[in-house]
Amino acid sequence: MAVKTDNYLMNINGEWVGQERETLDVVNPANGETVGTVPYGGEKEAEQAVDAAYDAFQSWSALTAHDRVGYLKKLNQLMLDHQEELAQLMTAEMGKPINESRGEVKYAATFIEWFAEEGKRVYGETIPTHATGKRLQVWKKPVGVVAAITPWNFPAAMLTRKMGPALASGCTVIMKPSSESPLTAVKLMELCEQAGFPKGVVNLVTGSSSKIAKVVMENSKVRKVTFTGSTEVGKTLIRQSADQVKKLSLELGGHAPLVVLDDADVDLAVKGTVASKFRNAGQTCICANRVYVQEGIYDEFVDKLSKKVQELKVGDGTDESVDIGPLINQDGLDKVKHHVEDATSKGATVVTGGEAITEYGGVFYQPTVVKDVNQSMVVMQEETFGPVTPVEKIASDEEAAKMANDTPYGLAAYVFTENVSRGTQLIEKLDFGIVGWNDGGPSAAQVPFGGMKESGIGREGGQEGIEEFVESQYVSIGMK
Ligand code: SIN
1 MAVKTDNYLM
11 NINGEWVGQE
21 RETLDVVNPA
31 NGETVGTVPY
41 GGEKEAEQAV
51 DAAYDAFQSW
61 SALTAHDRVG
71 YLKKLNQLML
81 DHQEELAQLM
91 TAEMGKPINE
101 SRGEVKYAAT
111 FIEWFAEEGK
121 RVYGETIPTH
131 ATGKRLQVWK
141 KPVGVVAAIT
151 PWNFPAAMLT
161 RKMGPALASG
171 CTVIMKPSSE
181 SPLTAVKLME
191 LCEQAGFPKG
201 VVNLVTGSSS
211 KIAKVVMENS
221 KVRKVTFTGS
231 TEVGKTLIRQ
241 SADQVKKLSL
251 ELGGHAPLVV
261 LDDADVDLAV
271 KGTVASKFRN
281 AGQTCICANR
291 VYVQEGIYDE
301 FVDKLSKKVQ
311 ELKVGDGTDE
321 SVDIGPLINQ
331 DGLDKVKHHV
341 EDATSKGATV
351 VTGGEAITEY
361 GGVFYQPTVV
371 KDVNQSMVVM
381 QEETFGPVTP
391 VEKIASDEEA
401 AKMANDTPYG
411 LAAYVFTENV
421 SRGTQLIEKL
431 DFGIVGWNDG
441 GPSAAQVPFG
451 GMKESGIGRE
461 GGQEGIEEFV
471 ESQYVSIGMK
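Have a look at this one:
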């Protein structure tokens with residue numbers, strides 16, 4: 001299915017707007033072609049969206065949870081009905097292989113479905129009193145207007161992971177998708193319209209990230225900002241939130257270690273490494289960024305991993321047989337090249353891959369395995385966000401824990417071992433919010449997703465994910 005080039009619009013208070021605005025081109029990184037344009041919105045549109053969401057909040061939050069569920073269930077069904085259209089658009093705007101895009105649409109819909117159900121279970125509490133004549137209760141209230149700022153690497157799922165719990169709990173939402181991949185968000189907005197959400201409950205603003213963020217951070221009608229993106233931007237939002245003590249949820253950078261102990265099932269570890277590392281061409285916050293393998297199985301692991309990596313097919317994501325699409329842009333490619341060049345200049349060896357691919361016209365890099373790396377190399381210190389697997393030899397479980405924790409980040413980690421005692425004791429030492437034990441794909445709607453240390457604040461998904469959008473109000477009731 002070809003995606004038609006089109007001028008997409010913003011949606012504020014139920015109206016499609018922005019026709020008169022300058023536009024931003026959305027470029028397919030697989031071939032450099034423009035896929036569509038979105039309006040370059042700024043302060044004016046952000047203010048309008050905040051006002052619309054603020055006005056809609058009174059009536060949306062006054063609905064029963066059961067009423068709100070109806071809208072979310074419709075949206076979930078519409079997403080599934082439009083799975084192919086959403087997936088094609090996603091692949092066209094950011095290069096993800098089509099089968100992964102289809103998977104992401106399903107994954108994105110699960111957040112809407114799961115939080116539709118969870119919205120009915122935002123329970124308050126009755127607390128035993130210390131004084132006769134008093135009743136102590138905790139009531140739950142939606143936090144208010146929420147701004148959801150999302151990245152390009154998961155154009156659907158990062159939005160629904162925020163919208164789902166926000167809408168289910170009674171908040172209204174302003175979506176600000178990445179300018180690299182905003183078209184999927186526009187399509188999602190169309191589906192919200194079809195699902196019948198009242199005007200102003202969901203709004204979409206595209207354009208200048210800094211101008212729109214400035215408004216949502218400075219306007220006191222916005223009570224919560226939920227953001228997925230870099231740690232650098234996350235720190236700026238923390239600073240900007242101080243004046244109004246705005247609530248924040250931040251899912252920031254990762255630098256995931258993947259540890260393979262010498263009793264691991266090596267084939268399973270290789271499979272898990274490929275699944276984690278090469279999903280979305282290595283452009284996920286939780287993908288294994290550095291691999292530590294115990295010396296007894298190091299050569300076998302590197303050999304088996306390299307063979308599997310050589311089988312991965314690179315190309316335009318619209319080709320059904322492609323496993324690895326392009327990187328998002330030239331900066332992404334330059335970073336990957338730098339990481340590999342730095343490693344080899346310091347003594348590492350490329351086992352497979354190691355070169356950019358120019359023949360397709362887009363920004364591609366070969367799926368790569370680099371061995372004999374060490375902690376002094378940039379690839380072991382920074383998130384690569386590309387299809388490169390550096391593998392370092394370690395001696396012991398203690399060394400594994402030390403190396404894994406040797407980072408300011410704490411989003412995801414992976415451990416491969418068949419031994420329950422070793423696995424348990426190693427994981428207890430790891431400062432990471434998510435751990436895949438013999439599992440390269442731990443994400444799901446019903447579990448808490450988020451990081452420790454500089455990887456973020458709060459959790460998305462699961463029961464914890466909806467708590468982020470409600471306030472506890474303690475009420476002490478005096479009896480006559
Ligand atoms: C991310 O890269 O932040 C999202 C990955 C996921 O949800 O599995």
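The opening position of the sequence shown corresponds to residue 1 in UniProt numbering, with each subsequent residue numbered one higher.
Backbone N, C-alpha and C fix where the C-beta goes; we use that ideal spot for every residue, glycine too.
DSSP places S472 in the strand class (E or B) of the three-state scheme. Contact annotation, V314 with L327: C-beta distance approximately 11 Å; criterion of less than 8 Å not satisfied. A heavy atom of the ligand SIN is found nearer than 7 Å to the CB of N153. Counting C-beta pairs with one atom in each stretch, the region 342-359 and the region 118-132 have fewer than three that are closer than 8 Å, which means they do not touch. Residue state for W152 is assigned as coil, using DSSP reduced to three classes. The beta carbons of D431 and N405 sit closer together than 8 Å.
DSSP, read as helix, strand or coil, puts Y8 in coil. According to the DSSP assignment, M175 belongs to no alpha helix (DSSP H) but to the beta strand (DSSP E) extending over 172-176. Not a single heavy atom of the ligand SIN lies less than 7 Å from the C-beta of C171.
Here L333 carries a helix assignment [DSSP, helix/strand/coil]. Counting only the Cα atoms, S276 lies some 8 Å from I286.
The beta carbon of E471 sits no closer than 7 Å to any heavy atom of the ligand SIN. T368 has its alpha-carbon roughly 18 Å from the corresponding atom of Q375. If one requires a minimum length of 3 residues, the beta strand (DSSP E) runs lying completely within the region 42-129 are 125-127, in chain order. Taken atom to atom, the span from the alpha-carbon of G386 to that of D331 is near 11 Å. Within the same chain, A445, Q446 come within 6 Å of W114 by CB-CB distance, once the 5 residues on both sides are set aside. Secondary structure note for K235: its alpha helix (DSSP H) is the uninterrupted segment 231-241. Placement of the Cβ of A166 at a distance of 7 Å or more from every heavy atom of the ligand SIN is found.
DSSP places R135 inside the beta strand (DSSP E), whose first and last residues are 134-142. A straight line joining the alpha-carbon of K271 with that of G440 spans about 8 Å. Checking the 7 Å criterion, the Cβ of C192 is out of range of every heavy atom belonging to the ligand SIN. Secondary structure note for I328: it is in no alpha helix (DSSP H), with a DSSP letter that is neither H nor E.
Under the DSSP assignment, F278 falls in the alpha helix (DSSP H) whose first and last residues are 266-278.
DSSP places R422 in the helix class (H, G or I) of the three-state scheme. Closer than 7 Å to some heavy atom of the ligand SIN: that does not describe the Cβ of S241. At least 8 Å separates the beta-carbon of E85 from that of Q463. Distances from the CA of N99 to each of I112, F111, Q83 were compared; the closest alpha carbon is that of Q83. Sorting V26, F227, T172 by C-alpha distance to the C-alpha of S455 places F227 at the top. Per DSSP, reduced to three states, the secondary structure at V215 is helical. Taken through DSSP and simplified to helix, strand or coil, T318 comes out as coil.
The C-alpha of D263 is placed about 40 Å away from the C-alpha of N329. Per the C-alpha coordinates, the member of G436, E398, V202 positioned closest to C192 is V202.
Q48 counts as buried, since at least 16 other C-beta atoms from the protein chains shown sit within 10 angstroms of its C-beta. For a cut-off of 8 Å, the C-beta gap from G362 to A30 is around 4 Å, short enough to register as a contact. Between N289 and the set A269, A256, F57, K162, the nearest pair of CA atoms involves A256. When rounded, the separation of the alpha-carbon atoms in S179 and V27 is 10 Å.
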